[in-house]
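S.K.: Submitted below is the structure of interest, expressed as structure tokens.
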Amino acid sequence: MSKRPIRLIIDTDGGIDDALALILALRSPEVEVVGVSTVSGNVRVEQAAINVLRVIELFDHRDIWVAQGLGNPLVRDPIRATSFHGTDGLGDSNLPQPRMRTRKESAIDLIVDQLNKEKDHGLTIVCIGPLTNIAAVL
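If you want our numbering, it's the 1-based position in the sequence shown plus 91.
So, in structure tokens, the structure goes:
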């Protein structure tokens with residue numbers, strides 16, 4: 092009997108480390124990524140979304156929703172990691188611009204909607220960036 096994959100929403104700030112974590116999740120038969128929310132952190136929330144879309148397209152997972160969350164921390168100014176992650180968050184890798192687009196709804200709304208839909212089946216949120224979006228969900 093095969094076990095049902097663990098359904099995930101990944102909340103990320105779009106840096107190199109998060110791209111690798113997303114790739115591992117996309118390639119794993121043990122999990123199913125249903126959505127990715129982006130948050131301000133290593134790079135701006137908009138750039139984080141572009142990075143996620145690039146990875147999703149490269150691995151041909153166009154069925155996964157991507158949405159932008161909050162663009163700033165709740166209590167301080169943003170701190171970027173450009174010295175490590177580069178200006179694009181992916182080491183200035185010059186990957187092609189994605190064709191896919193983010194959802195128009197906010198990541199916060201989509202997370203809440205997805206949690207309500209999945210309440211009887213289970214959904215795991217994997218936070219690999221700042222917890223700003225999760226604070227807004229709560």
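From the three backbone atoms N, C-alpha and C, an ideal C-beta is built for every residue, glycine too.
1) On a Cα-Cα basis, can you pick out the residue from VAL122, SER128, LYS94, ASP154 that is closest to VAL143?
2) I'd like the span of the alpha helix (DSSP H) that includes GLU137, first residue to last.
3) Report all residues from its chain with a CB closer than 8 Å to the CB of ASP75; omit the five preceding and five following residues, and keep chain order.
4) Quick one: grab the DSSP three-state call for ILE216.
5) May I have the straight-line CA-CA distance separating GLY220 from GLN159, to the nearest angstrom?
6) Just curious, the beta strand (DSSP E) that ALA158 is in, first and last residue?
7) To which residues of the same chain is ARG194 closer than 8 Å at the C-beta, ignoring the five residues directly before and after it?
8) For LEU229, count neighbouring Cβ atoms within 10 angstroms of its own Cβ and tell me buried if that reaches 16, exposed if not.
M.R.: Straight from the coordinates:
1) SER128
2) 136-149
3) Summary: the structure shown does not reach residue 75, with the chain confined to residues 92 through 229, and so no result is reported for it.
4) strand
5) 13 Å
6) 156-159
7) TRP156, VAL157, ALA158, LEU201
8) exposed
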